[in-house]
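Working notes, beginning with the structure itself.
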Amino acid sequence: MDHGAATTTTDPAATSAPLGPPLVELKDVNKHFGELHVLKDIDLTVRKGEVLVVVGPSGSGKSTLCRAINRLETIDSGEIRIDGVPLPEEGKALAKLRADVGMVFQAFNLFAHKTILENVTLGPVKVRRERSAAAKERALELLDRVGVKNQAGKMPAQLSGGQQQRVAIARALAMKPKVMLFDEPTSALDPEMINEVLDVMVALAKEGMTMIVVTHEMGFARKAANRVVFMADGQIVEEATPEEFFTAPKSARAKDFLSKILSH
Amino acid sequence: MGDFLSQFGELFATYDVPGAFWVNIQLTFWAAIFSLVLGTVLALMRISPIASLQWAGTSYVNILRNTPLTVIMTFLFLAVWTQLQITLSDDFAQNFFRFGVIGLTVYHAAFVCEAIRSGVNTVPLGQAEAARAIGLSFLPAARLIILPQAFRGAIAPLGNTLIALLKNSTVVVAVSVSTEASTLMREMIESNANFIYAIFILFALGFAVLVIPVGLLTTYLSNRLAVRR
Ligand SMILES: Nc1ncnc2c1ncn2[C@@H]1O[C@H](COP(=O)(O)OP(=O)(O)OP(=O)(O)O)[C@@H](O)[C@H]1O
Ligand SMILES: [Mg+2]
Numbered sequence: 001m002d003h004g005a006a007t008t009t010t011d012p013a014a015t016s017a018p019l020g021p022p023l024v025e026l027k028d029v030n031k032h033f034g035e036l037h038v039l040k041d042i043d044l045t046v047r048k049g050e051v052l053v054v055v056g057p058s059g060s061g062k063s064t065l066c067r068a069i070n071r072l073e074t075i076d077s078g079e080i081r082i083d084g085v086p087l088p089e090e091g092k093a094l095a096k097l098r099a100d101v102g103m104v105f106q107a108f109n110l111f112a113h114k115t116i117l118e119n120v121t122l123g124p125v126k127v128r129r130e131r132s133a134a135a136k137e138r139a140l141e142l143l144d145r146v147g148v149k150n151q152a153g154k155m156p157a158q159l160s161g162g163q164q165q166r167v168a169i170a171r172a173l174a175m176k177p178k179v180m181l182f183d184e185p186t187s188a189l190d191p192e193m194i195n196e197v198l199d200v201m202v203a204l205a206k207e208g209m210t211m212i213v214v215t216h217e218m219g220f221a222r223k224a225a226n227r228v229v230f231m232a233d234g235q236i237v238e239e240a241t242p243e244e245f246f247t248a249p250k251s252a253r254a255k256d257f258l259s260k261i262l263s264h
Numbered sequence: 001m002g003d004f005l006s007q008f009g010e011l012f013a014t015y016d017v018p019g020a021f022w023v024n025i026q027l028t029f030w031a032a033i034f035s036l037v038l039g040t041v042l043a044l045m046r047i048s049p050i051a052s053l054q055w056a057g058t059s060y061v062n063i064l065r066n067t068p069l070t071v072i073m074t075f076l077f078l079a080v081w082t083q084l085q086i087t088l089s090d091d092f093a094q095n096f097f098r099f100g101v102i103g104l105t106v107y108h109a110a111f112v113c114e115a116i117r118s119g120v121n122t123v124p125l126g127q128a129e130a131a132r133a134i135g136l137s138f139l140p141a142a143r144l145i146i147l148p149q150a151f152r153g154a155i156a157p158l159g160n161t162l163i164a165l166l167k168n169s170t171v172v173v174a175v176s177v178s179t180e181a182s183t184l185m186r187e188m189i190e191s192n193a194n195f196i197y198a199i200f201i202l203f204a205l206g207f208a209v210l211v212i213p214v215g216l217l218t219t220y221l222s223n224r225l226a227v228r229r
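Taken in order, these protein sequences are the chains called D and S.
With the first letter of the first sequence counted as 1, position 227 gets the number 227 in UniProt numbering; the numbers rise by one all the way through.
With the first letter of the second sequence counted as 1, position 33 gets the number 33 in UniProt numbering; the numbers rise by one all the way through.
Shown next, in the form of structure tokens:
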């Protein structure tokens, strides 16, 4: 099963560059929370440069999938590889791998006691051991790119949700990650701030960043995604191009789900 | 009232009242520094991902917190010093002082640990997850992200621990000879029984003068340094 290769030829939304080799591979991944089976035999390959959107009803395991990829959640069985390397168990090797996987949370999670600029330079200086002047210069470039350079000296609580989330994206990008994970990055935002964050994400996708995005924003999926994966009850039920999925879903669960989010 | 004032005057003239309180202040100062260090290490053990360290930290806290300070002091003076002949200084008074600091430290470190842990509970889980997600391992994440926020959330309980420590510094002498506030009080009462109210008020005021600023300062600092979320 090679979804990535199939999408390069058939996907109308596919952007410029052809997709590269597999970057994130999940094989037969299972995860339980006590009795609850939250990830069931998940097989998924994301290629370099691919943008994958994950949708599904609440509790279907989307966050758990995302968090398993950088081992914020451990798995019970199966294998996860990033760039060919199996996820390390713990310690230095795991920390090193996490530095290569950017993560953007629903609740932003900016370091509350650090300025915006310090939030972005902390990783490069403390993890990548970059010189602080160089890290600062790059951080300001990134903040400029996401449109919040003029807020660099403020504390996170002084910024709006949309601004905080754009800083969180800059913080992740500062680590020069191989892949970026987004777990419902806009669902905690007021409606008028959603687009400013999605615009940054679309731009990132067009630049060729490999992205796994849990979101129900169909506009984003249509504009930027190569592929949509629909999850229900811990399983991948359906995979398709955004166009196919949103206009002609095959499974009953997906039809039901789409009718609910469209009626909002 | 005027009566009390003249009695105070006489007491101050006969005894070294500030000198006695100074001993309590010194005991408190050193024990506060060492128990802050030890308490932080214990708190780190308790929040660490390593089960054996968690267990060791929890055991320490539960045992020391539930042992009366007088028992710890007596153990140090009688068992360690007198029986095992372990001394920390050739000077007799210094030796008492150092054992006093150790006893106060090991006891209050358990409370400092719990104060810091309550501070850690004020830090949202997302902070630690974001720290791990950018590639910080446990110790750097604790040092750079968790503890700085936890300390700010723990200023009030740490202040309470400091106040308790200051008052508990009198226990050191229940088993020693050095002259600090409570020994001096006993001595005064023995030779000036008719001044009993004045003596009591003098020492109550003396501790109030030391404790109230600590309370005011910690309230001010915990508002001033609170992490805005
Ligand atoms: N730490 C946990 N302990 C126990 N159960 C959990 C834990 N985290 C998640 N779950 C459960 O696992 C299931 C999957 O959760 P998950 O957060 O992955 O779903 P989701 O698809 O992201 O849902 P949502 O759209 O609401 O964010 C849910 O039933 C949830 O209640
Ligand atoms: Mg979720």
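All C-beta atoms in this analysis are idealised placements derived from N, C-alpha and C, irrespective of residue type, glycine included.
Check                                                                                                                                                                           : Outcome
Is the beta carbon of glycine 84 (chain D) sitting closer than 8 Å to the one on aspartate 28 (chain D)?                                                                        : no
Strictly below 8 Å CB to CB, what residues from chain S border leucine 140 (chain D)?                                                                                           : Result: empty, since nearest Cβ-Cβ is about 18 Å, beyond 8 Å.
Does the distance from the C-beta atom of valine 120 (chain S) to that of glycine 39 (chain S) stay below 8 Å?                                                                  : no
Would you list, in chain order, the members of the segment 223 to 236 of chain D that have their beta-carbon closer than 9 Å to a beta-carbon of chain S?                       : none
Count the other CB atoms, across all protein chains shown, that sit within 10 Å of the CB of proline 12 (chain D); report buried if there are 16 or more and exposed otherwise. : A caution first: proline 12 (chain D) carries a pLDDT of 42, below 50, which makes its placement in the model unreliable, though a value can still be read off. Exposed, by the Cβ-count rule.
So, with DSSP's three-state summary, where would you put aspartate 144 (chain D)?                                                                                               : helix
Measure the alpha-carbon distance for alanine 56 (chain S) versus glutamate 239 (chain D) and round it to whole angstroms.                                                      : 50 Å
Ignoring anything shorter than 4 residues, give me the alpha helix (DSSP H) runs that lie fully in the segment 227 to 260 of chain D, in order along the chain.                 : 242 to 247
Per DSSP, lysine 31 (chain D) is paired with what?                                                                                                                              : D:Leu39
Just the C-alpha distance for aspartate 100 (chain D) and valine 24 (chain D), rounded to the nearest angstrom, thanks.                                                         : 12 Å
In three-state terms, what does DSSP make of glycine 20 (chain D)?                                                                                                              : coil
Does any CB atom of chain S fall closer than 8 Å to the CB of alanine 135 (chain D)?                                                                                            : no
Taking only beta-carbon positions, decide if isoleucine 155 (chain S) is within less than 8 Å of chain D.                                                                       : no
Between the C-alpha atoms of serine 182 (chain S) and aspartate 16 (chain S), what's the straight-line distance to the nearest angstrom?                                        : 13 Å
Please classify isoleucine 82 (chain D): is it buried, with 16 or more other beta-carbons within 10 angstroms of its beta-carbon, or exposed?                                   : buried
Going by C-alpha distance, which of S:His108, S:Arg143, S:Ala20 and S:Leu158 is nearest isoleucine 72 (chain S)?                                                                : S:His108
Which residue marks the beginning of the alpha helix (DSSP H) containing glutamate 89 (chain D), and which one marks its end?                                                   : Glutamate 89 (chain D) -> no alpha helix (DSSP H), and no H or E assigned at all.
Are there 16 or more other CB atoms within 10 angstroms of the CB of proline 157 (chain S), so buried, or fewer, so exposed?                                                    : buried
Tell me whether aspartate 183 (chain D), by its Cβ, gets closer than 7 Å to a heavy atom of ligand 2.                                                                           : yes
Can you find a CB in chain S that lies within less than 8 Å of the CB of leucine 72 (chain D)?                                                                                  : yes
Cβ of lysine 260 (chain D) versus every heavy atom of ligand 1: is any distance shorter than 7 Å?                                                                               : no
Excluding sequence positions up to five away, which residues of its chain have a Cβ less than 7 Å from the Cβ of phenylalanine 20 (chain S)?                                    : Sequence inspection shows alanine at residue 20 (chain S); the phenylalanine mentioned does not correspond to that position. Hits under 7 Å: Thr179, Glu180, Ala181 and Leu184.
Verify the contact flag: lysine 154 (chain D), CB atom, against every heavy atom of ligand 2, threshold strictly below 7 Å.                                                     : no
Please list, in chain order, the chain D residues whose beta carbon lies closer than 7 Å to that of proline 148 (chain S).                                                      : His113
Within a Cβ cutoff of 7 Å, which residues of the same chain sit near glutamate 184 (chain D), ignoring the five residues on either side of it in sequence?                      : Gln106, Val214 and Thr215
Does any residue of chain D have a CB that is nearer than 8 Å to the CB of serine 137 (chain S)?                                                                                : yes
Once the 5 residues before and after phenylalanine 246 (chain D) are set aside, which same chain residues still bring their CB inside 8 Å of it?                                : Met218, Ala221, Arg222, Val228 and Leu258
Check whether the Cβ of serine 63 (chain D) lies closer than 7 Å to any heavy atom of ligand 2, and answer yes or no.                                                           : yes
Just grab the DSSP bridge partners of valine 37 (chain S) for me.                                                                                                               : Partner(s): none; valine 37 (chain S) has no beta bridge.
Identify the contact partners of leucine 144 (chain S) in chain D, using a Cβ-Cβ distance below 9 Å as the criterion.                                                           : Phe111, Lys114, Leu122 and Lys126
For glycine 123 (chain D), which of helix, strand or coil comes out of DSSP?                                                                                                    : helix
If we count the other Cβ atoms within 10 Å of its Cβ and call it buried at 16 or more, is methionine 1 (chain D) buried or exposed?                                             : The predicted position of methionine 1 (chain D) is uncertain, since its pLDDT is 39 and thus under 50; no value can be drawn from it.
Taking a cut of 7 Å between CB atoms, which residues from the segment 249 to 262 of chain D lie near chain S?                                                                   : none
Going straight from the alpha carbon of alanine 134 (chain D) to that of leucine 140 (chain D), what length do you get?                                                         : 10 Å
Run down chain D in chain order and give the residues with a C-beta less than 9 Å from the C-beta of glutamate 129 (chain S).                                                   : Arg67, Leu72, Met103, Phe105 and Asn109
If you measure from the beta carbon of methionine 180 (chain D) to each beta carbon in chain S, is any gap under 8 Å?                                                           : no
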